[in-house]
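Chains as they are written, first to last, in the numbering used here: chain A, 1 to 135; chain B, 1001 to 1175; chain C, 2001 to 2648.
Idealized CB from N, CA, C, for every residue including glycine.
See below for the structure under consideration.
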Amino acid sequence: MSWRLLLALLMALAAPAAAQDLLPPAPYAYRQIEDPALEAKAQALMETLRCLKCQSQSIADSDAPMAGDMRHQVRTRIAAGEDPEAVRAWLVERYGDYVSYKPAVSATTWPLFAIPLLLLLAVGLILRRRLGRAR
Amino acid sequence: MTWFRWVLLALVAGLFGLFAYMLSQPKEEFVESAMIGEAIPAFDLPPIVPDRPGLSSADLADGQPKLLNVFASWCVPCAAEAPNLARLEASGANIVAVAIRDRPEDVAQFLEAYGNPFSRIGRDDISAVQLSLGSSGVPETFVIDGRGVIRYQHIGDIRDSDVSVLLAELREAGA
Amino acid sequence: MIAELGLAALWLAAALAGLQLLAGAVGMREGGAALAALVRPAAIVQALLCAIAFGALLLVFARTDLSVALVAKNSHSAKPFIFKLAGAWGNHEGSMLLWVSVMALAGGLIAFLERRLPERTMIATLAAQAFVGLGFYAFLLISSNPFERLPEPAAEGMGLNPLLQDLGLAFHPPTLYFGYVGLSVAFSFAVGALLTRQVTPEFAKVMRPWILGAWIFLTLGITAGSYWAYYELGWGGWWFWDPVENASLMPWLAATALLHSASVLASRDALRAWTIMLGVVAFSMSMIGTFLVRSGILTSVHAFAVDPERGTFILVLLALYIGGALLLFALRASTIAEGERFSVLSREGALVVNNVALSAILGIVLLGTLYPLLTEAFGVRVSVGPPYFNPVGAIFFLPMLVVLAVGPLLRWRRDSFQRITAPVVAIAVVALAVLAGVYFFAGIGLLPLLGMTLAAAVAVASVLPLRGRSLRRLPLPVWGMVIAHFGVAVALFGMAADSAFTRERLVAARVGDTAEVGPWAITLAAVDPVAGPNWTALEARLLASYDGGAVTELAPQARSFWTPPMETSESALRTRWNGQLYTVVGGEAEGGRWQLRLWWKPFVTWIWYGGVLIALGGFLALIGRLSGDLRRRSAQAQIALRRGTALA
């Protein structure tokens, strides 16, 4: 069967391209949690966690093995009943705020939240002056 | 509202200052672990080669400071740092290892080719321990003190100049 | 030879830009008429020379001339022809050459066509254009020469990134560049008007088609880029607030505000300072975007090869041009007389809200994009992504949509609430009906719910201006407005529906297994190896049936390229009126199973249909304005002719 030969050739070609491991992905890297509500929670969380081996992708959008391993951790913990924010906190405890795309309000990030509020005030002021004035 | 225009100009100037400063800084390649100063989380890894026992968190809290090397046989810099790991072992460091996503036969082949400075090697097929340590790639080396607290992290392969640094950190951890 | 010809043309073009600047600067003063006369011809010849230079680059890529360093680094003799050409701009040096060429082209076109403004303002505008161009010529010629030769021709090229071997992606950069650089015209016009204190409705009318043109390209470029990312990257995502995506969105936000502001200035002689400010900001955003992408200070999948030296050069240009323009604005803005007055409830009022809201959103996107850079300067690393941008942006975007719904119904200058009560009530009723319907029948998140509600409201509101008017005699610009606003509603609906109703199914299937996702039943019929020109792949044959209906076949692939070695997944899509089935085949799992990733994404294609509608609306408005201008010019020519013959 010539297609088997082609398949073997394909596998042989693929190997040197990967300076990666040969082990299969973690069980829950590509497998959803049975309960759809829990899976939705896990999916929502995974979309906001950074893949540390990629340039700028969430672990939900990456095929990197480490991203798969992180997805496994997220899914197993949420299936076990952990709150998504607790899982996020667990990862932040290990890698710092960098791993989470959802910035927490802290001493270093408060301007990120204060400035939109200021902008809102500024918008209100500008509109009042510009529109309230001319009648 | 004329002051607004000057404020804008000042903000833009500040922004360009930030750009200039960041351009002059070297690009941060690695993600550091946030677990430095924390106790290692509990884990128990099975062995991966017949002649070395597995690794558990209890082994790292037995009173003796150790080096924990996170490696894999498919990782090229891990081969490059092998001589320096040998030097560290020869200087009296107790080095334990975690093999990430590796097959037993590949690890055996790697150790055969590059030497085996490890007293214990744990098998981590799904990077669970790697994630729990805050390690984000291979190779990385941690200095763990006798009580099981992470004291120092070295990211990347161990160069010649890093050997003395690691030895100093190890000594400090033992103090 | 061709490369040297291109380089020579580029040097000459740079020299002409210098001449254009000098002649313009001196020619603006008294008695400089002789030099001033050189400015227009210089701009036109500059455009021609750049065309030659870019043509030369295309030619060396078309021929895969491996003695040119750029070709050796970015191309390959086995590449399909169309992608060889696309390789010309798929790299840093080539895309910078595209940038200056489009700038020169825009300058040449203005010099050739525009006669409506006072000559002094035109001279100032062209001088400003030349000033900006010179910086980029310097950047090209000094640090990023596209025509550099290798000491010895390479044996073979290093190959184009396989991800770029895609028609959509090949044409995405030029489309965006016509947009970014087209905004340089608005910038130059703004500076020219500031220098000669000529901020008039006539000035806005002249600037408007150029803004429209650039904005249409930007809209199409962003839409295309989003769709490309969606089908190529294999996970069904279409926007991630990635720094480089934001770098394209920020000029678009500024350009949209500028477009509306210039329209107000053109028809009502109001919002003068806003229009000038936005003209400067829009191109500034283009330049900041270029800096962010090429300097390497931000992490992104899209970034070009990192080079801090290049970054420094561009930063100096930024400081020079943006700093200079803002300084000029700060100094001269008080001399721009206040425009016409208008009341709160008027179209001008609504457009002020529009300007302010878009500027606020621009500020937020800029803040979120740059904040990680700021904290990094202090040694802390944070990430800012969709969980920040979506809600914070919505705070300004959603109220803006409410104003968008009502604004086009308002009269200029002053309107009364009684006059618009009926249509506003109609819109509100539709909105509430949709809100209730979706809330009770679907139970989805707050943002998608509000998104769908407002999409319905804007859809209805956007066609209401057609009420009571003769459709056949409606001016094209009004059609443009209606279609563009309707497009916003369509795109918003698509975004909200995708975010609320997407169904995902990951399954490790054996040949013969069936999986379900949403109303689809999908059977894995076979997995076969296939080969292409420079890749091999594993292709899955899927048989999909919607709600038990007719079976349709899909063939997603997991592809392996070999120069350079890379793995990609080619998704297979099936589009229905109410959504898209998205299928991907992954690796082999244990037990002879194959990883399948399946999504049912209701109404997701509406996102890009909406984007195209928005661009179409802009296009219609542009045609309408241009034909209106042509008609006016020929009418004026007729009158002048008749006067001439009457006098004779």
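8 Å Cβ cutoff, residue i in contact with chain A
| i | result |
| --- | --- |
| B/Ser-1136 | yes |
| C/Arg-2381 | yes |
| B/Met-1022 | no |
| C/Ala-2497 | no |
| B/Trp-1003 | no |
Within-8 Å CB hit, residue i to chain C
| i | result |
| --- | --- |
| A/Leu-45 | no |
| A/Gln-55 | yes |
| A/Ala-60 | yes |
| A/Arg-50 | yes |
| A/Asp-103 | Reading off the sequence shown, one finds Pro at residue 103 of chain A, where the question assumed Asp. Yes, A/Pro-103 lies at the interface with chain C (some Cβ there is under 8 Å from its Cβ). |
| A/Pro-27 | no |
Residue i versus residue j - alpha carbon distance
| i | j | result |
| --- | --- | --- |
| A/Gln-73 | C/Ala-2589 | 19 Å |
| C/Leu-2021 | C/Pro-2408 | 42 Å |
| C/Ser-2569 | C/Ile-2297 | 29 Å |
| C/Gly-2032 | C/Ala-2111 | 18 Å |
| B/Asp-1125 | A/Ala-26 | 8 Å |
| C/Pro-2174 | B/Leu-1131 | 42 Å |
| B/Glu-1172 | B/Ala-1072 | 28 Å |
| C/Arg-2503 | C/Asn-2390 | 21 Å |
| B/Phe-1030 | C/Ser-2144 | 29 Å |
| C/Thr-2469 | C/Val-2488 | One detail in the question is off: residue 2469 of chain C reads as Arg in this sequence, not Thr. Distance between the alpha carbons of C/Arg-2469 and C/Val-2488 is about 23 Å. |
| C/Leu-2328 | C/Lys-2205 | 22 Å |
| A/Leu-5 | C/Ala-2531 | Residue confidence for A/Leu-5 is low, a pLDDT of 44 falling below 50, so the modelled location carries little weight and cannot support an answer. |
| C/Trp-2099 | C/Ile-2322 | 17 Å |
| A/Gln-20 | C/Gly-2385 | 28 Å |
| C/Asn-2246 | C/Gly-2610 | 19 Å |
| C/Ala-2255 | C/Ala-2013 | 28 Å |
| C/Leu-2326 | C/Val-2280 | 7 Å |
| C/Arg-2120 | C/Ser-2188 | 13 Å |
| C/Met-2001 | C/Met-2207 | 40 Å |
| C/Ala-2088 | C/Leu-2449 | 45 Å |
| B/Asp-1051 | B/Ala-1108 | 10 Å |
| C/Val-2185 | C/Gly-2179 | 10 Å |
| C/Val-2584 | C/Ala-2072 | 34 Å |
Residues that DSSP places opposite residue i in a beta bridge
| i | result |
| --- | --- |
| C/Trp-2562 | C/Pro-2565 |
| C/Lys-2601 | C/Gln-2580 |
| B/Ile-1095 | B/Leu-1067, B/Phe-1118 |
| B/Ser-1056 | B/Asp-1044 |
| C/Thr-2453 | C/Thr-2453 pairs with nothing; no bridge assigned. |
| C/Glu-2570 | C/Gln-2557 |
| B/Thr-954 | For chain B, the structure presents residues 1001 to 1175; residue 954 of chain B sits outside this window and is missing. |
| C/Val-2530 | C/Ala-2537 |
| C/Thr-2552 | C/Ala-2544 |
| C/Thr-2523 | C/Thr-2514, C/Leu-2543 |
CB-CB length for residue i against residue j, believed under 8 Å
| i | j | result |
| --- | --- | --- |
| A/Arg-94 | A/Tyr-28 | The pair is not a contact, with the Cβ atoms about 19 Å apart (cut-off 8 Å). |
| B/Leu-1181 | B/Leu-1067 | Here chain B comprises residues numbered 1001 to 1175, so residue 1181 of chain B is not present and cannot be evaluated. |
| C/Ala-2036 | C/Ala-2023 | 7 Å |
| C/Ala-2515 | C/Leu-2596 | 7 Å |
Interface flag, residue i vs chain B, CB-CB below 8 Å
| i | result |
| --- | --- |
| A/Pro-65 | yes |
| C/Pro-2251 | no |
| C/Glu-2376 | yes |
| A/Leu-23 | yes |
| C/Gly-2311 | yes |
| A/Asp-69 | yes |
Closer than 8 Å to chain E by CB, residue i
| i | result |
| --- | --- |
| B/Arg-1101 | Going by chain labels, chain E is absent from the structure shown, which instead holds the protein chains A, B and C. |
Report task. Check each residue of the segment 107-131 of chain A: if its Cβ is closer than 9 Å to any Cβ of chain C, include it; give the result in chain order. Result -> Listed by position, the residues of the segment 107-131 of chain A near chain C (Cβ gap below 9 Å) are Thr-108, Thr-109, Pro-111, Leu-112, Phe-113, Ile-115, Pro-116, Leu-119, Leu-120, Ala-122, Val-123, Ile-126, Leu-127, Arg-130, Leu-131.
Query raised in the report: Quick one, which residues of the segment 1124-1153 of chain B are near chain C if we go by CB-CB under 8 Å, in chain order?
Result: none
Query - Members of the segment 88-99 of chain A that neighbour chain B once the beta carbon cut-off is set at 7 Å - result: Glu-93, Arg-94, Tyr-95, Gly-96, Tyr-98
Query raised in the report: Between the segment 2211-2237 of chain C and chain A, which residues of the former have a C-beta closer than 8 Å to a C-beta of the latter?
Result: Leu-2233, Gly-2234, Trp-2235, Gly-2237
Report task. Please list the residues of the segment 1030-1061 of chain B that have a C-beta atom closer than 9 Å to any C-beta atom in chain C, keeping them in chain order. Result -> Val-1031, Glu-1032
Query raised in the report: Of the residues that make up the segment 2288-2299 of chain C, which ones have a beta carbon closer than 8 Å to any beta carbon in chain B?
Result: Flagged, chain order: Phe-2291, Ser-2295, Gly-2296, Ile-2297.
Query raised in the report: Using a Cβ cut-off of 8 Å, which residues of the segment 2317-2331 of chain C contact any Cβ in chain B, in chain order?
Result: Leu-2318, Ala-2319, Ile-2322, Gly-2323, Leu-2326, Leu-2327, Phe-2329, Ala-2330
Query raised in the report: Which of the residues in the segment 1069-1086 of chain B, read from start to end, lie with their CB under 7 Å from any CB of chain A?
Result: Ala-1072, Trp-1074, Val-1076
Report task. Could you name the residues of the segment 2391-2411 of chain C whose beta carbon sits closer than 8 Å to any beta carbon of chain A, in the order they occur along the chain? Result -> Val-2392, Ile-2395, Phe-2396
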